[in-house]
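Q: Position one of the sequence shown corresponds to residue 2 (this note's numbering), numbered consecutively onward.
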Amino acid sequence: MTPSPSPSGSSAVYDKILLFDIDGTLLLSGRAGYRALTRTFEEVFGVARGFDGVPVAGKTDEIILTDALARAGVEADQAHRRRFHDRYCELFAGEIHFPGPRKGLMPGVADLLATLDDRPEIRCGLVTGNFARPAQIKLEYFDLWRYFHFGAYGDDAPTRDDLVPIAVERARLAGAEVAAPADVVVIGDTPLDVQCARVAGARPVAVATGSYDQAALEATGAAVVANFSNSEAVVCLLLEP
Ligand SMILES: [Mg+2]
Numbered sequence: 002m003t004p005s006p007s008p009s010g011s012s013a014v015y016d017k018i019l020l021f022d023i024d025g026t027l028l029l030s031g032r033a034g035y036r037a038l039t040r041t042f043e044e045v046f047g048v049a050r051g052f053d054g055v056p057v058a059g060k061t062d063e064i065i066l067t068d069a070l071a072r073a074g075v076e077a078d079q080a081h082r083r084r085f086h087d088r089y090c091e092l093f094a095g096e097i098h099f100p101g102p103r104k105g106l107m108p109g110v111a112d113l114l115a116t117l118d119d120r121p122e123i124r125c126g127l128v129t130g131n132f133a134r135p136a137q138i139k140l141e142y143f144d145l146w147r148y149f150h151f152g153a154y155g156d157d158a159p160t161r162d163d164l165v166p167i168a169v170e171r172a173r174l175a176g177a178e179v180a181a182p183a184d185v186v187v188i189g190d191t192p193l194d195v196q197c198a199r200v201a202g203a204r205p206v207a208v209a210t211g212s213y214d215q216a217a218l219e220a221t222g223a224a225v226v227a228n229f230s231n232s233e234a235v236v237c238l239l240l241e242p
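1. Can you list, in chain order, the residues of its chain whose CB lies under 7 Å from that of C90, leaving out five sequence neighbours each side?
2. Helix or strand or just coil, what does DSSP make of V179?
3. Would you say A73 lies against chain B (beta-carbon separation less than 9 Å)?
4. Does DSSP classify D22 as helix, strand or coil?
5. Comparing C-alpha positions only, which one of K139, E96, R204 sits nearest to D24?
6. Which first and last residues belong to the alpha helix (DSSP H) in which R204 is found?
7. Which word fits E96, buried or exposed, when buried means at least 16 other C-beta atoms lie within 10 angstroms of its C-beta?
8. Suppose the cutoff is 6 Å on Cβ atoms and the five residues either side in sequence are ignored; what does the same chain contact list for D118 look like?
9. Name, in chain order, the residues that DSSP records as bridge partners for G189.
10. Which residues have their C-beta within less than 7 Å of a heavy atom of ligand 1, listed in chain order?
11. Can you tell me whether DSSP reads G95 as helix, strand or coil?
12. Looking at F143 and G31, is the spacing between their C-beta atoms short of 9 Å?
13. Could you round the C-beta distance between F93 and G34 to whole angstroms and report it? I think they count as a contact, below 8 Å.
14. Mapping DSSP to helix, strand and coil, what is A201?
15. Ignore the nearest five residues each way along the sequence and tell me which others in A175's own chain have a CB closer than 7 Å to its CB.
16. For the stretch 75–88 and the stretch 40–53, state whether three or more C-beta atom pairs, one from each stretch, are separated by less than 8 Å.
17. Check whether the stretch 184–195 and the stretch 206–213 touch, using three or more Cβ-Cβ pairs below 8 Å as the test.
18. Starting from C125, follow its DSSP beta bridges and name the residues at the other end.
19. Express the C-alpha separation of I64 and D157 in angstroms, rounding to a whole number.
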């Protein structure tokens, strides 16, 4: 889309919208999510180890719960799901404080987000399968919440493919000028992140710090970086026209 002239006669400048996944892309919470999900499932549905063997990478929390319920042979209505959600959020807020395997920020994340934050034409948001409340708790714990001004979450839609347009609409409501889907970049660590970008007409960029290696991510055809430790190179890649 051609930028329309601004009142001053010069061309309007559109923003670049960067939508980040959380787990495996920005950080790992040291299995705090797994522990909180497991405890909640046992409390609400009476089934122990309900998430063992349930794939989680790239999935929304809603789908992960659906898969666990199917695996356990449990029928749950909306009220049960709501109870699960609320209790999970409570337990997650405690679990995030405990140590766990590989808990921490992925390499270069803090520098990259600070660099992006200094660029007024760049707006950073989230597209994550996490429910909204635990997403905020997680990012606040690692002091990253302040960098994100809008987002779409696992409670907005059951599948990740539906989340990008929701996040872009919220970017607009937050004041971002979005010209075209190609000005939206979705950054994640799984083929499902790449897919949700493509479905929305956005540009996918993948990072190999999660559960998929560089070769597996390159097979999707997306631009791939090993990690974010060279923030200058990563910013150039993210801002490619
Ligand atoms: Mg991820």
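Built from N, CA and C at the ideal position, the CB exists for glycine as well.
A: Let me lay it out:
1. F132, R134, P135
2. coil
3. The question asks about chain B, but that chain is absent: this structure has only one protein chain.
4. Coil.
5. K139
6. Boundaries around R204 are those of the beta strand (DSSP E), 204–208, since no alpha helix (DSSP H) includes it.
7. buried
8. Y148
9. A207
10. D22, I23, D24, G25, T26, A58, G59, G189, D190, T191, D194, G211
11. G95: helix per DSSP, three-state reduction.
12. no
13. 7 Å
14. coil
15. H150, F151
16. Touching, per the Cβ criterion.
17. yes
18. L19
19. 12 Å
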